[in-house]
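Q: Mind looking over this structure? Questions follow.
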Amino acid sequence: EAFLNTRSLQDIPSIGPRIVRHLEGLGIFSVAQLRTQPLPLLLHSFKQYGTFLYTAARGQGYSEVREDTEPPKSISHCYTLPHRERAPDQVRATYMRLCENVAWRLRKHSLAARAFAVTVGSDDLHFASQHRQLDAPTQDGLILFREAWPTVAKQHEQEPVRLIGITAIQLVPAHHQQPTEQKQQKRTRLLPALDLIRRRYGTDAWKPLSALAATLHERASGFHYDHQI
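Right, here's the structure in full:
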């Protein structure tokens, strides 16, 4: 309960902006205030969903918490773009951020991807996914972006995309082989230092220049987990 008292209402999974507005209309602005509300009142205002609000405010649930000891089979990051932020340069910058975030998580697990999948979705809920093999396993976001972006760009030209995603698949243990290109050698040496900055100061501690225009808005998806799978 002490931890929950430091969180906003929208930090709780499944409490989105609409529920927050409803709660605030009842004079409930914090998790601590939500905890003081009797169950009958919440049931009257939210029907069966009131039971969830009642238990969530107390940190109660029925899901078993297990330690994840097996390495992931895939690592992905997807994002739903706001309607006002779908200019080509904005989509490109956002996709660069997604690729860098996936690569950062690959390196945390000491894994590399031999292939990737691109996911795009439009406003009419039409989704498409394409898989491609890489010439060599990678854990570099720039390589993922260069290989995956043409697919997203082509789809965006045909019909403005709303959801974009990148999934690293066919994961293998990372073997740090020195690249042959001098520019790539410098980047390979730089990545461990950038990873150290992220471990100390958070995922958004740095971003590529080409991704500065992108802002990944926080979601009501469970303590800002932000659609990472």
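Here our numbering runs 193 ahead of the position in the sequence shown, where the first position is 1.
In this text, a Cβ means the ideal position worked out from N, Cα and C, and glycines have one as well.
Taking 9 Å as the threshold (C-beta atoms), are GLN332 and LEU291 in contact?
A: By one-based count along the sequence shown, residue 291 stands at place 98. By one-based count along the sequence shown, residue 332 stands at place 139. It is not a contact, given that the beta carbons lie outside the stated cut-off.
Q: Drop a sphere of 10 angstroms on the beta-carbon of PHE320, count the other beta-carbons inside from all chains shown, and report buried for 16 or more, exposed for fewer.
A: Residue mapping note: residue 320 aligns to position 127 of the sequence shown, counting from 1. Exposed, since its Cβ has fewer than 16 Cβ neighbours within 10 Å.
Q: Give me the Cα-Cα distance between PRO401 and SER322, rounded to the nearest whole angstrom.
A: Position 208 of the sequence shown, counted from the start, is the residue given in the question as residue 401. Position 129 of the sequence shown, counted from the start, is the residue given in the question as residue 322. Each residue's alpha carbon lies about 26 Å from the other.
Q: Is ARG325 closer than 9 Å to VAL311 when the C-beta atoms are compared?
A: Here residue 311 corresponds to residue number 118 of the sequence shown, with the count starting at 1. Here residue 325 corresponds to residue number 132 of the sequence shown, with the count starting at 1. Result yes, Cβ atoms of VAL311 and ARG325 sit closer than 9 Å.
Q: What residue from PHE239, ALA296, ALA404, ALA346 has the CA that sits closest to PRO281's CA?
A: Walking along the sequence shown from the start, residue 281 turns up at place 88. When each option's Cα is compared against that of PRO281, the closest is ALA346.
Q: Taking all protein chains shown into account, do 16 or more other C-beta atoms lie within 10 angstroms of the C-beta of PHE222, making it buried, or fewer, making it exposed?
A: Walking along the sequence shown from the start, residue 222 turns up at place 29. With fewer than 16 Cβ atoms within 10 Å of its Cβ, PHE222 is classed as exposed.
Q: Which residues bound the alpha helix (DSSP H) around ARG290?
A: The residue given as residue 290 occupies position 97 in the sequence shown. Counting along the chain, the alpha helix (DSSP H) containing ARG290 begins and ends at 281-301.
Q: Assess contact between the stretch 228-242 and the stretch 258-269, defined as three or more Cβ pairs (one per stretch) separated by less than 8 Å. Is contact present?
A: no
Q: Go ahead and label ARG214 buried or exposed: buried means 16 or more other beta carbons lie within 10 angstroms of its beta carbon, across all protein chains shown.
A: Along the sequence shown, read from residue 1 onward, the residue named residue 214 stands at position 21. Classification for ARG214: exposed.
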